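Going down the list, the sequences are from chains A and B. Under this note's numbering, residue 217 is the last one in the first sequence; the count climbs by one each step, no gaps. Under this note's numbering, residue 346 is the last one in the second sequence; the count climbs by one each step, no gaps. Even glycine gets a Cβ: it sits at the ideal position worked out from N, Cα and C. From a predicted model like this one, the values you see are computed outputs, not experimental measurements.
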Amino acid sequence: GAVVSQHPSRVICKSGTSVKIECRSLDFQATTMFWYRQFPKQSLMLMATSNEGSKATYEQGVEKDKFLINHASLTLSTLTVTSAHPEDSSFYICSAYTAGEDETQYFGPGTRLLVL
Amino acid sequence: AQSVTQLGSHVSVSEGALVLLRCNYSSSVPPYLFWYVQYPNQGLQLLLKYTSAATLVKGINGFEAEFKKSETSFHLTKPSAHMSDAAEYFCAVSEGPNTGNQFYFGTGTSLTVIP
Numbered sequence: 102g103a104v105v106s107q108h109p110s111r112v113i114c115k116s117g118t119s120v121k122i123e124c125r126s127l128d129f130q131a132t133t134m135f136w137y138r139q140f141p142k143q144s145l146m147l148m149a150t151s152n153e154g155s156k157a158t159y160e161q162g163v164e165k166d167k168f169l170i171n172h173a174s175l176t177l178s179t180l181t182v183t184s185a186h187p188e189d190s191s192f193y194i195c196s197a198y199t200a201g202e203d204e205t206q207y208f209g210p211g212t213r214l215l216v217l
Numbered sequence: 232a233q234s235v236t237q238l239g240s241h242v243s244v245s246e247g248a249l250v251l252l253r254c255n256y257s258s259s260v261p262p263y264l265f266w267y268v269q270y271p272n273q274g275l276q277l278l279l280k281y282t283s284a285a286t287l288v289k290g291i292n293g294f295e296a297e298f299k300k301s302e303t304s305f306h307l308t309k310p311s312a313h314m315s316d317a318a319e320y321f322c323a324v325s326e327g328p329n330t331g332n333q334f335y336f337g338t339g340t341s342l343t344v345i346p
């Protein structure tokens, strides 16, 4: 089946530093990748939609300059949290979307970010 | 617009008992519907999906769901709960094929299995 990886799985950083999270579709090409944020005991909050070779589309209230998304290829998207602060601590999950008959989002295992 | 309502944020069942997790959707077009499971500190794993074929969909781990258009529902069931089924379950709806559109998730249902 379709496999999506995320790296790192867990990261701790100091306030003010930037953190990059990678999302890869390992055995398929994803036309679109999504980035979600999940707070404890809550559902997923869509942050942005990323299409290969074009600018990401951000949801309302998500700062594009703070959460930089690059979708360099059909198998890789990156999310960079710039100048991270403690309130950015969260669980970040990506998904890769395959259109056509499959029409499914496959999720990565998530990245736990803790900003001190 | 699409939306999903999951009734019951917490469900507890005894081991071996029937599992029923409710999901109702709202969609202006024929929907695609999904159930995902999330174990602690992990991503979401696809359990099953409805994409306009058979209305009764069988998924992994013994789960199944039935699409009922008249009731706008897509409830998830399993005849006999196992301890390993304890997790968070999310229902999601999308607009259908080749829309490239986002999925709309419910707020999730936490399933507890009592030994």
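If you compare alpha carbons, which of A:S144, A:V105, A:K121 is closest to T183 of chain A?
Comparing Cα positions, the closest option is A:K121.
Reducing DSSP to helix, strand and coil, say where S315 of chain B ends up.
The three-state secondary structure of S315 of chain B, taken from DSSP, is helix.
Does the Cβ-Cβ distance between V268 of chain B and K280 of chain B come in under 8 Å?
Contact check for V268 of chain B against K280 of chain B fails: the beta carbons are separated by 8 Å or more.
Compare the Cα-Cα distances from L180 of chain A to each of A:E188, A:H186, A:D128, A:K165 and report the closest residue.
Distance from the Cα of L180 of chain A is smallest, within the candidate group A:E188, A:H186, A:D128, A:K165, for A:K165.
Can you find a C-beta in chain B that's less than 8 Å from the C-beta of Q205 of chain A?
Here residue 205 of chain A turns out to be Thr, not Gln, going by the sequence shown. Yes, its Cβ sits closer than 8 Å to a Cβ of chain B.
Measure from the C-beta of T282 of chain B to each C-beta in chain A and report whether the shortest distance is under 8 Å.
With 8 Å as the cut-off, T282 of chain B counts as an interface residue toward chain A.
Contact check, V250 of chain B vs A312 of chain B, beta carbons under 8 Å
Yes, they are a contact pair.
Classify R125 of chain A: buried if its beta carbon has 16 or more other beta carbons within 10 angstroms, exposed otherwise.
Buried.
Alpha carbon to alpha carbon, how far is T343 of chain B from S240 of chain B?
Taken atom to atom, the span from the alpha-carbon of T343 of chain B to that of S240 of chain B is near 11 Å.
Spell out the partners DSSP gives A149 of chain A in its beta bridges.
A149 of chain A pairs with A:W136, A:Y159.
Does the segment 245-262 of chain B come into contact with the segment 299-314 of chain B, if we say contact requires no fewer than three beta-carbon pairs (one atom in each stretch) closer than 8 Å?
Because the criterion of three Cβ pairs below 8 Å is met, the segment 245-262 of chain B and the segment 299-314 of chain B touch.
With G337 of chain B and Q273 of chain B assumed to form a contact (beta carbons below 8 Å), what rounded beta-carbon distance in angstroms separates them?
With a beta-carbon spacing of about 18 Å, G337 of chain B and Q273 of chain B fall beyond the 8 Å limit used to define contacts.
Using a Cβ-Cβ cut-off of less than 8 Å, list which residues of the segment 262-294 of chain B approach chain A; keep chain order.
Flagged, chain order: Y263, F265, Y267, N272, Q273, G274, L275, Q276, L277, K280, T282.
Just the C-alpha distance for H172 of chain A and F294 of chain B, rounded to the nearest angstrom, thanks.
Roughly 35 Å between the two C-alpha positions.
DSSP on N349 of chain B, reduced to helix/strand/coil?
Residue numbering for chain B in the displayed model covers 232 to 346; residue 349 of chain B lies beyond these limits and cannot be assessed.
Proximal chain B residues relative to F168 of chain A, where beta-carbon distance stays under 8 Å:
The CB of F168 of chain A never comes closer than 8 Å to any CB in chain B; the least such distance is about 16 Å.
Could you run through the segment 145-169 of chain A and flag, in chain order, every residue whose CB is less than 7 Å away from some CB of chain B?
Hits within the stretch, in order: L145, L147, T150.
Contacting positions in the segment 121-143 of chain A - beta carbon closer than 7 Å to chain B
Answer set for the segment 121-143 of chain A: T132, T133, F135.
If distances are taken between C-alpha atoms only, which option among B:A232, B:I291, B:Q333 comes closest to D316 of chain B?
Minimum Cα distance to D316 of chain B is reached at B:I291.
Quick check: what's the CA-CA separation for V105 of chain A versus W136 of chain A?
W136 of chain A has its alpha-carbon roughly 13 Å from the corresponding atom of V105 of chain A.
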